[in-house]
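The next block holds one structure in the form of structure tokens; read it before the comments.
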């Protein structure tokens, strides 16, 4: 049993070694950073659409319409998070900042 385990481990290490040593390529590709910032009007339009979807009476919609609304809401939220440029501050962070301000003032 020990010899089988030894040979299995030996084969795993032997087969993974060439890929590990071969992956040390020094070629680096420089990628230009593209900023896609939303304008204030686009952000306001997206926020209004999110509020419209939330306020909409969904009881008389079909399943496919509800699914489409969920997809639209999800993509709109992702676009706002990615391109909107807002910062999420948790309650603990606010408490820590207030504590530091009080102690240092």
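Numbering (my numbering), first residue to last: 1 to 105. The beta-carbon is built from N, C-alpha and C at its ideal position, and this holds for glycine as well.
Whose C-beta lies closer than 6 Å to the C-beta of residue i among residues of the same chain, with five residues either side of it excluded?
i          : result
residue 69 : 53
Which whole-angstrom value is the C-beta distance of residue i and residue j, which I expect to be below 8 Å?
i          : j          : result
residue 37 : residue 83 : 6 Å
residue 97 : residue 76 : Actually they are not in contact, since the Cβ atoms of residue 97 and residue 76 sit about 30 Å apart, beyond 8 Å.
residue 58 : residue 71 : Actually they are not in contact, since the Cβ atoms of residue 58 and residue 71 sit about 14 Å apart, beyond 8 Å.
residue 43 : residue 80 : 7 Å
Among residues of its own chain, excluding the 5 on either side of residue i, which ones have a beta-carbon nearer than 8 Å to its beta-carbon?
i           : result
residue 103 : none
residue 1   : none
Apart from the five residues just before and just after residue i, which ones in its own chain have a Cβ nearer than 7 Å to its Cβ?
i          : result
residue 41 : none
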